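Asks: Right, I'll just put the structure down here and ask away after.
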Amino acid sequence: MDIYPPPPIQISMTLIYPYYKPGRGFAYPEYVSRYPPVNNFRVSHLKLELWIDFEGQSLRGFEEVEVEHSAGGGWVAFDACEMWIESVKVDGKDAEWRYDGERLHVRLDAGRCRVEISYRARPRKGFHFIKPDKANPDRAPQAWSQGETEYNRYWLPLVDHPSQKHTSEIIVYVPRGFIGISNGDLISRGSKDGWDYWHWRMDKPHSPYLISVVAGVFEEYGEEFNGVRLSYYVPPGYGKFYRLSFEKTPKILEFFSKYLDYPYPYGKYAQVAVYEFIFGGMENTTATTLTELTLHDEKAHIDFSSDPLIAHEAAHQWFGDLVTCRDWPHIWLNESFATFLENLFVRHDKGEDEFVYENIRDMDSYLSEYRDYYARPIVTRVYKYAAELFDAHTYPKGGVVLNMLRALLGEDTFRKGLNLFLKRYAYSVADTEDFRKVMEEVSGRSLEQFFEQFFYNAGHPAIRVEEEWRDSTRQLVLRFKQTQGEDSLPIYHLDIPVRVKTKSSDKEFTVELREKEVTHVISLDEQPELVCIDPRFEVFKTLELARGVEQHIKVLESDEHVYCRVLAARALGRLGGAKAVEALKRSVLGDRFWGVSAEAAKALGELRTEEAKNALIEALSIVTDTKVKRSICEALGNFRGYDVVEALSKILSNGEESYYVRQAAATSLGKTKKEGVYEILLRHIDTPSHASAITVGVLRGLAELGGEEALKTLMRYAEADKQSTVRAAAIASLGKFPGRREVVEVLRQYARDPNYRVRRAVVAACRELLSSEAIGILEDVAQNDVYEMNRRAARDAAERIRKSLEKGIEYKELREELERIKEENRRLVERVSILAGAIESKA
1 MDIYPPPPIQ ISMTLIYPYY KPGRGFAYPE YVSRYPPVNN FRVSHLKLEL WIDFEGQSLR
61 GFEEVEVEHS AGGGWVAFDA CEMWIESVKV DGKDAEWRYD GERLHVRLDA GRCRVEISYR
121 ARPRKGFHFI KPDKANPDRA PQAWSQGETE YNRYWLPLVD HPSQKHTSEI IVYVPRGFIG
181 ISNGDLISRG SKDGWDYWHW RMDKPHSPYL ISVVAGVFEE YGEEFNGVRL SYYVPPGYGK
241 FYRLSFEKTP KILEFFSKYL DYPYPYGKYA QVAVYEFIFG GMENTTATTL TELTLHDEKA
301 HIDFSSDPLI AHEAAHQWFG DLVTCRDWPH IWLNESFATF LENLFVRHDK GEDEFVYENI
361 RDMDSYLSEY RDYYARPIVT RVYKYAAELF DAHTYPKGGV VLNMLRALLG EDTFRKGLNL
421 FLKRYAYSVA DTEDFRKVME EVSGRSLEQF FEQFFYNAGH PAIRVEEEWR DSTRQLVLRF
481 KQTQGEDSLP IYHLDIPVRV KTKSSDKEFT VELREKEVTH VISLDEQPEL VCIDPRFEVF
541 KTLELARGVE QHIKVLESDE HVYCRVLAAR ALGRLGGAKA VEALKRSVLG DRFWGVSAEA
601 AKALGELRTE EAKNALIEAL SIVTDTKVKR SICEALGNFR GYDVVEALSK ILSNGEESYY
661 VRQAAATSLG KTKKEGVYEI LLRHIDTPSH ASAITVGVLR GLAELGGEEA LKTLMRYAEA
721 DKQSTVRAAA IASLGKFPGR REVVEVLRQY ARDPNYRVRR AVVAACRELL SSEAIGILED
781 VAQNDVYEMN RRAARDAAER IRKSLEKGIE YKELREELER IKEENRRLVE RVSILAGAIE
841 SKA
């Protein structure tokens, strides 16, 4: 892979360290290093009057931009894509200007001036109109903007880069009875010339991508927190649900204010739930936009929570809005921190076990991307679209690394560093080096090596540990070996805590890894009962423990630390045997933390033996925790047999079960591939549920089941009269039907669908088809989709298909061969398990 060296930097910023391990698979050959624009002017204030035409799905704007030209005058450029510029004036006088469809160039004199721009726009992205349609004939009209990364330039002229912070003022003109919402404080509202208007002013500087407008018909609710006005806007009819989603907002803001020792920095905080939002949420300054899918009823509340999303977006009000990344390569300062602080709130709200498990699952998310797609440094300038950086390296990996830094420095020192960082760069921008230097200043220690290892290089440490007890010398010998691959540093410097428990003592010590292999010897009075490596999961790494079944069982049943019990459950799911099955079953039924029980259920599913199946079916009738029950249903998808069908059908048909347990049951039912399952699934396909969860589960089950009738049903539910969540699930499921021309034609049609979720599902389906016919569809998306995240996903999928075809293996044949091998392996595992059980019973 080509990595282009950075050119000499002419602007005031710190050079990012050269990469030793740039990663693999992320940068395509034409990618180059990208740097922020160099401007000889700055914007201090932007005022916009915006008329929103819902019928014409268009905008009319009159904008006043206060500019200071630092040089002797000359041309300045505003980002303004696909607009009709009607007039440009400077200080009230006609100005010299030119427009190329992407940038508006205006000639200015030196010093301060006011640029006035009249324009019209019909945005393809950055500003979305939502209106009633076939699937939602009674839906109230809405319009909303989405600025991150650089999409606000499609609906208002501005300098669209995060480093250009300034105040803003927006007057939103909407049809009578509609609400207009924007950043900052509400200055006034009223009616004028047949329009209602809402006048908002943001008197603190913020980045242009954080400017937001939402308009439409909403129900509004509110409360106060420490003098801050909290507003909750939801679509009509959702008022009965708003409290379940937003009730912890005051607690979240209070926690972040105290943890950071920095009060919420603005006078208001609004959260607006909108239809068809393309992300989960967007942290627009003082006015977060959220997907309506976060709104849910009491039944969904059993095992669905808005709290993580609410906490994530609220955390951005400090990290992302108050202090913003100077440039997109440093986006982790926004997103890693929001992920990390979201998890800290989980710890505050639900306890240490939940916090550790969130970090484990974040690590899993990163590893999934690392193994299946690419590896890259968290901080990299080599990309094509800024949107490509919003991935599992920036979010969960960065969050886990921050947790490691917290443990390394100690919580008190770490918090002092965060506080100083916020104070020093409040209402301004910062980069990775700014943060490092602040943390060094507070801690009194160098962090260059830490940042080089985990921010400026790709990959991660992979640690294998072997244990030996020497009875003659009463010594525990721990052998650590770093086994990471070529895309990671060959040697990491790590400090790994180890907890050793004997009958009479409980010790914790730190092992310093400075070489590829390290042996650590500790003297003990007696043989240890438990050894837990990194008990609180504070070191960013993968961990392999060279232990037998008996040792893992002892840890699973006796260790107090969630991380160590999770690793034990996963190991038993690989090792198998009758004893492993019994231990995992006991964990499913009796572990004190649901996450470990869920992991044990998953491990039983991976064993694929008759004993494991029976254990899961029995547990399904006993377990009451819905998250564990959901994991059991998912695990049963690895088994065949009418006893599995009966158990899952009972769950799917039970209206008292949670939506998401029934969803999992439906999907796993399809995987049994048994006669009669199609009819069972079809009976529940239109069951009302949060986010159409049960319908989605049924559609996925039908895809797993296969067959002509299943395909016909999926094609029907992909049509435009269905909810977008349902359509997306049906379309993505078409990837299970390779070699079908009608599937390819439907995917080609939906690749140009106006709905983002639908187009994303097309890419997912094509990626799974692995057929040459899908490449053309993906190339179309990669070149023409309006959103860069879809373009990148389509390009990755096309490359995956090409590589597969280059190997000369047709996917249909490969799929059939894999299914045959899996079935043979399942039977072999069953026979080995039965034999092992017989041997153990004789022992």
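Numbering (this note's numbering), first residue to last: 1 to 843.
Quick reminder that beta carbons are idealized off the backbone N, C-alpha and C, glycines included.
No experiment lies behind these values; they were computed from the predicted model shown.
1. Would you list the residues sitting across from P497 in a DSSP beta bridge?
2. Less than 8 Å between the C-beta atoms of E219 and P205, yes or no?
3. Among R474, K501, E515, which has the Cα closest to the Cα of F480?
4. Which term fits G670, buried or exposed, when burial requires 16 or more other beta carbons within 10 angstroms of its beta carbon?
5. Have a look at the DSSP bridge pairing and note the partners of V115.
6. To the nearest angstrom, how far is the alpha carbon of F246 from that of G676?
7. Give the DSSP bridge partners of C633, in chain order.
8. Roughly how many whole angstroms lie between the Cα atoms of H561 and I496?
9. Which residue from I731, S724, V781 puts its Cα closest to that of K712?
10. Go ahead and label Y154 buried or exposed: buried means 16 or more other beta carbons lie within 10 angstroms of its beta carbon, across all protein chains shown.
11. Going by alpha carbons, who is nearest to M789 out of E779, K627, R760?
12. Closest to T672 by CA distance: which of V763, E704, R700, R424 is it?
13. In the DSSP assignment, find the beta strand (DSSP E) that holds P205 and state where it starts and stops.
14. Counting only runs that start and end within the region 627 to 690, where is the beta strand (DSSP E) found for 3 or more residues in a row?
15. Contact between the region 28 to 40 and the region 134 to 144 is defined here as three or more beta-carbon pairs at a separation below 8 Å; is this criterion met?
16. Under 6 Å Cβ to Cβ from D431, same chain only, skipping five residues before and after it: list those, please.
17. With W332 and T394 assumed to form a contact (beta carbons below 8 Å), what rounded beta-carbon distance in angstroms separates them?
18. Kindly list the residues whose CB is nearer than 6 Å to the CB of H552, restricted to its own chain and excluding five residues on each side of it in sequence; keep chain order.
19. Could you give the uninterrupted runs of the beta strand (DSSP E) lying entirely in the region 249 to 289, keeping only those of 3 residues or more?
20. Would you please state the rounded distance, in angstroms, between the beta carbons of Y660 and I278? I believe it to be under 8 Å.
21. So does the region 441 to 449 actually touch the region 398 to 418, counting three or more Cβ pairs closer than 8 Å?
22. With a floor of 3 residues, list each beta strand (DSSP E) that falls wholly inside the region 505 to 549, ordered by position along the chain.
23. Which one of S504, S558, K251 has the shortest CA to CA distance from R347?
24. In chain order, what are the residue ranges of uninterrupted alpha helix (DSSP H) at least 4 long that sit wholly in the region 297 to 333?
25. Using the C-alpha atoms, what's the distance from I775 back to V429?
26. Kindly indicate which residue of L681, F127, T725 has the alpha-carbon position closest to the one of A693.
27. Could you check the C-alpha separation between R716 and D534 for me, to the nearest Å?
28. Under the three-state reduction of DSSP, which class applies to K613: helix, strand or coil?
29. Alpha helix (DSSP H) containing I731: first to last residue?
30. Among E773, T502, D785, whose alpha-carbon lies nearest the alpha-carbon of R802?
31. Distance check for L408 and E313, CA to CA, integer angstroms please.
32. Determine the burial state of I651: buried for a count of at least 16 other Cβ atoms within 10 Å of its Cβ, exposed for fewer.
33. What residue does the alpha helix (DSSP H) around K712 start on, and which one ends it?
34. Three or more C-beta pairs closer than 8 Å, one from the region 169 to 186 and one from the region 347 to 365: is that the case here?
35. Figure out for me which residue from A665, W469, S658 has the closest Cα to the Cα of A647.
36. Within 8 Å, do at least three Cβ pairs link the region 34 to 47 to the region 474 to 488?
Replies: With the structure as the only source:
1. Residue 497 sits at position 497 when you count from the first residue of the sequence shown. For P497, which the question treats as bridged, DSSP gives the partners T510.
2. Within the sequence shown, residue 219 is the residue found at index 219, counting from 1. Within the sequence shown, residue 205 is the residue found at index 205, counting from 1. Taking 8 Å as the cut-off, the Cβ atoms of E219 and P205 do not count as close.
3. Here the question's residue 480 lines up with position 480 in the sequence shown. The candidate whose alpha carbon is nearest that of F480 is E515.
4. Within the sequence shown, numbered from 1, the residue matching residue 670 stands at position 670. Classification of G670: buried, given that the 10 Å Cβ count is 16 or more.
5. Counted from its first residue, the sequence shown places residue 115 at position 115. For V115, which the question treats as bridged, DSSP gives the partners V65, V90.
6. Counting from 1 along the sequence shown, the entry for residue 246 is found at position 246. Counting from 1 along the sequence shown, the entry for residue 676 is found at position 676. When rounded, the separation of the alpha-carbon atoms in F246 and G676 is 43 Å.
7. Your numbering for residue 633 matches position 633 in the sequence shown. As computed with DSSP, C633 is found in no beta bridge at all.
8. Taking the first residue of the sequence shown as 1, we reach residue 561 at position 561. Taking the first residue of the sequence shown as 1, we reach residue 496 at position 496. Going by the C-alpha atoms only, they are around 15 Å apart.
9. As a first step, residue 712 must be located in the sequence shown, where it is residue number 712. Nearest of I731, S724, V781 to K712, Cα basis: I731.
10. Position 154 of the sequence shown holds residue 154. With 16 or more other Cβ atoms within 10 Å, it is buried.
11. The residue given as residue 789 occupies position 789 in the sequence shown. Distances from the CA of M789 to each of E779, K627, R760 were compared; the closest alpha carbon is that of R760.
12. In the sequence shown, counting from the first residue as 1, residue 672 sits at position 672. When each option's Cα is compared against that of T672, the closest is E704.
13. Counting from 1 along the sequence shown, the entry for residue 205 is found at position 205. 195 to 206 is the span of the beta strand (DSSP E), which, as asked, contains P205.
14. none
15. no
16. On the sequence shown, residue 431 is found 431 positions in, with the first residue counted as 1. Answer for D431: R326, H330, listed in chain order.
17. As a working mapping, residue 332 is identified with position 332 in the sequence shown. As a working mapping, residue 394 is identified with position 394 in the sequence shown. W332 to T394, Cβ: 5 Å. Contact.
18. Locating residue 552 in the sequence shown gives position 552, counting from the first residue. If we look at H552 and ignore the five residues flanking it on each side, its Cβ neighbours are A568, A571, L572.
19. Those beta strand (DSSP E) runs which fall completely within the region 249 to 289 and span 3+ residues are 268 to 274.
20. Here residue 660 refers to the residue found at position 660 of the sequence shown. Here residue 278 refers to the residue found at position 278 of the sequence shown. Not quite, the Cβ-Cβ distance comes to about 23 Å (not below 8 Å), so this is no contact.
21. Touching, yes.
22. 506 to 513, 517 to 523, 530 to 533, 542 to 546
23. Walking along the sequence shown from the start, residue 347 turns up at place 347. Of S504, S558, K251, the residue nearest in Cα terms is K251.
24. 298 to 301, 307 to 316
25. The residue labelled residue 429 in the question sits at position 429 within the sequence shown. The residue labelled residue 775 in the question sits at position 775 within the sequence shown. If you take the alpha carbons of V429 and I775, they lie about 41 Å apart.
26. Start at 1 with the first residue of the sequence shown, and residue 693 comes out as number 693. Comparing Cα-Cα distances from A693 to each of L681, F127, T725, the minimum goes to T725.
27. Mapped onto the sequence shown, residue 716 falls at position 716. Mapped onto the sequence shown, residue 534 falls at position 534. Answer to the nearest angstrom: the Cα atoms are 51 Å apart.
28. Walking along the sequence shown from the start, residue 613 turns up at place 613. Reduced to three states, the DSSP call for K613 is helix.
29. Indexing the sequence shown from 1 puts residue 731 at position 731. Where I731 is concerned, the enclosing alpha helix (DSSP H) stretches over 724 to 733.
30. One-based indexing of the sequence shown puts residue 802 at position 802. Put simply, of E773, T502, D785 the residue whose alpha carbon is nearest the alpha carbon of R802 is E773.
31. Here the question's residue 313 lines up with position 313 in the sequence shown. Here the question's residue 408 lines up with position 408 in the sequence shown. If I take the Cα positions, the gap works out to 26 Å.
32. Counted from its first residue, the sequence shown places residue 651 at position 651. Counting of Cβ neighbours within 10 angstroms places I651 among the buried residues, the total reaching 16 or more.
33. The count along the sequence shown starts at 1 and reaches residue 712 at position 712. Its alpha helix (DSSP H) spans residues 708 to 717.
34. no
35. One-based indexing of the sequence shown puts residue 647 at position 647. In terms of CA proximity to A647, A665 leads the group A665, W469, S658.
36. no
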